[in-house]
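2 protein chains.
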Amino acid sequence: MKEFLGKDMRLTNQRRIILEELQSVSTHPTADEVYGLVRQKMPRISLGTVYRNLEVLSSLGLVRKLENAAGQKRFDGDTSPHHHIRCEVCGKVGDIYDAPDISGIEKGLHSDFQVTGFILEFSGICPHCQARQQPEQ
Amino acid sequence: MKEFLGKDMRLTNQRRIILEELQSVSTHPTADEVYGLVRQKMPRISLGTVYRNLEVLSSLGLVRKLENAAGQKRFDGDTSPHHHIRCEVCGKVGDIYDAPDISGIEKGLHSDFQVTGFILEFSGICPHCQARQQPEQ
DNA sequence: TCAAAATTTGATAACCATTACTAATTGAGC
DNA sequence: GCTCAATTAGTAATGGTTATCAAATTTTGA
Ligand SMILES: [Mn+2]
Ligand SMILES: [Mn+2]
Ligand SMILES: [Zn+2]
Ligand SMILES: [Zn+2]
Numbered sequence: 001m002k003e004f005l006g007k008d009m010r011l012t013n014q015r016r017i018i019l020e021e022l023q024s025v026s027t028h029p030t031a032d033e034v035y036g037l038v039r040q041k042m043p044r045i046s047l048g049t050v051y052r053n054l055e056v057l058s059s060l061g062l063v064r065k066l067e068n069a070a071g072q073k074r075f076d077g078d079t080s081p082h083h084h085i086r087c088e089v090c091g092k093v094g095d096i097y098d099a100p101d102i103s104g105i106e107k108g109l110h111s112d113f114q115v116t117g118f119i120l121e122f123s124g125i126c127p128h129c130q131a132r133q134q135p136e137q
Numbered sequence: 001m002k003e004f005l006g007k008d009m010r011l012t013n014q015r016r017i018i019l020e021e022l023q024s025v026s027t028h029p030t031a032d033e034v035y036g037l038v039r040q041k042m043p044r045i046s047l048g049t050v051y052r053n054l055e056v057l058s059s060l061g062l063v064r065k066l067e068n069a070a071g072q073k074r075f076d077g078d079t080s081p082h083h084h085i086r087c088e089v090c091g092k093v094g095d096i097y098d099a100p101d102i103s104g105i106e107k108g109l110h111s112d113f114q115v116t117g118f119i120l121e122f123s124g125i126c127p128h129c130q131a132r133q134q135p136e137q
């Protein structure tokens, strides 16, 4: 991790553990949930430190910040290219690795904006909420 | 508009003017900006009434609600199918009417979620911010 | 026609995720 | 180890949104 930090940035225990915990789960936790995870290893860390470092890590490209839908921001320790699906009921986020490749779809659009990219996000219902929603029949 | 309201819902002046104002612009205003527009016609309306009715109108399908964790919600009086592009600098939203059709892309994905749909949103830089960002050369 | 019931409003308070502030602490180069 | 800028813990502030509720408005129906 050290090699990714800028020259005036320090590798603190807080920073290292936040990244490690985020990389150890596949749940796309919110900042608050990351806080819960990290406190098991480092009980005196503050929520502000978690927010601050999630922002630092995402601007360094070490984590992905998911902010293109309703609800709280979520964070992803998996920076490999993949899409996400968000539960319409509870907001939980899952991974989609096999979506058709639509790269380049942003080229040649008619817009006065300078187009730089796109985000494709799926919506659905997570296993837990499926079970809750059809209890009968 | 009356025909779209539920049987226990009333067509108030507030409700009608909010929809009319939203349909009269193509700027995808925030709730606060809708409040500003509506107050020109109805100076004593409250911000809470604007929020409440934007929610009602969007649940009836009369307006589109554009949610994003990166900023404020925005509202669209144009319910015809089209995509959006968001300015990375200022958050302004524009329309994209000529994106390639990717409907059906959500079918056959490998996920334990029940997949119901998708959102494709473009990102870019709006004309105003383009002018501000490259002042030289 | 008129009073009771239902809905909606305006005003304001509460909420809550996130950011800002600041004195104390600490990582890293010398 | 010493120095000092970067970082932290703790807490306050922010800001968009939602909740609350008495008053106003509209509908119902006797
Ligand atoms: Mn992911
Ligand atoms: Mn639009
Ligand atoms: Zn769910
Ligand atoms: Zn812009």
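Heads up: the protein sequence lines correspond to chains A and B, in order.
What the first sequence shows, in my numbering, is residues 1 to 137, in sequence order.
What the second sequence shows, in my numbering, is residues 1 to 137, in sequence order.
The C-beta atom is built at its ideal place from N, Cα and C for all residues, glycine as well.
Because the structure is a prediction, the values reported are computed rather than measured.
Non-local C-beta neighbours of V115/A in its own chain, meaning closer than 7 angstroms and more than five positions away in sequence, comprise E106, L109, ordered along the chain.
Of all residues in the stretch 80-93 of chain A, the ones placed with a Cβ closer than 8 angstroms to any Cβ belonging to chain B are I85, C87, E88, in chain order. For D32/A, the three-state secondary structure derived from DSSP is helix.
A distance filter of 5 angstroms between CB atoms and the heavy atoms of ligand 4 selects the following residues in sequence order: C87/B, V89/B, C90/B, K92/B, C126/B, C129/B.
If you check the C-beta of H110/B against ligand 1, you find no heavy atom less than 7 angstroms away. Boundaries cannot be given for S46/B, as no beta strand (DSSP E) includes it and DSSP labels it neither H nor E. The beta carbons of G77/B and C126/B sit no closer together than 8 angstroms.
A straight-line Cα-Cα distance of about 20 angstroms links K7/B and I17/B. Cβ contact annotation for I102/B (same chain, cutoff 7 angstroms, sequence separation greater than five): L120, in chain order. The beta carbon of Q23/A sits no closer than 8 angstroms to any beta carbon of chain B.
The beta-carbon separation of E88/A and G36/A, rounded to 24 angstroms, does not stay under the 8 angstroms limit for a contact. Environment of ligand 1, chain-ordered: H28/A, D76/A, D78/A, H82/A, H84/A, D95/A, taking every residue with Cβ within less than 6 angstroms of a heavy atom.
Linking A131/B to V56/A through their CA atoms gives a straight-line distance of about 29 angstroms. Sequence-distant Cβ neighbours of G117/B in its own chain, meaning closer than 8 angstroms and more than five residues away, are E106.
Distance from the Cα of S80/B is smallest, within the candidate group R86/B, P43/B, S26/B, R10/B, for S26/B.
Rounded to the nearest whole angstrom, the C-alpha separation of H83/A and G91/B is 22 angstroms. Listed along the chain, the chain A residues whose CB falls inside 7 angstroms of the CB of P29/B amount to none; the nearest CB is some 17 angstroms away. Residue nearest to E67/A within the set R86/A, I96/A, Q40/A, Q23/A is R86/A (criterion: CA-CA distance). What E55/A touches in chain B, judged by beta-carbon distance under 9 angstroms, is nothing: the nearest beta carbon there is about 13 angstroms away. The Cβ atoms of Y51/A and A31/A sit closer than 8 angstroms to each other. Across the stretch 96-122 of chain A, CB contacts with chain B closer than 9 angstroms involve I96, Y97, D98, A99, P100, I102, I105, E106, G108, L109, H110, S111, D112, F113, Q114, V115, T116, G117, F118, I119, L120, E121, F122, in sequence order along the chain. Distances from the alpha-carbon of S111/A to those of D98/B, D112/B, F113/B put D98/B closest.
Separation of L11/A and M42/A (C-alpha to C-alpha, rounded to the nearest whole angstrom) is 15 angstroms. Judged by DSSP secondary structure, Q114/A falls within the beta strand (DSSP E) whose first and last residues are 114-125. In the DSSP assignment, I85/B falls within the beta strand (DSSP E) that extends over 83-87. With at least 16 other beta carbons inside 10 angstroms of its own, R15/A counts as buried. For Q130/B, the neighbours in chain A by C-beta distance under 7 angstroms run, in chain order, Q114. Across the structure, K2/A and V34/B are spaced so that their CA atoms are roughly 47 angstroms apart.
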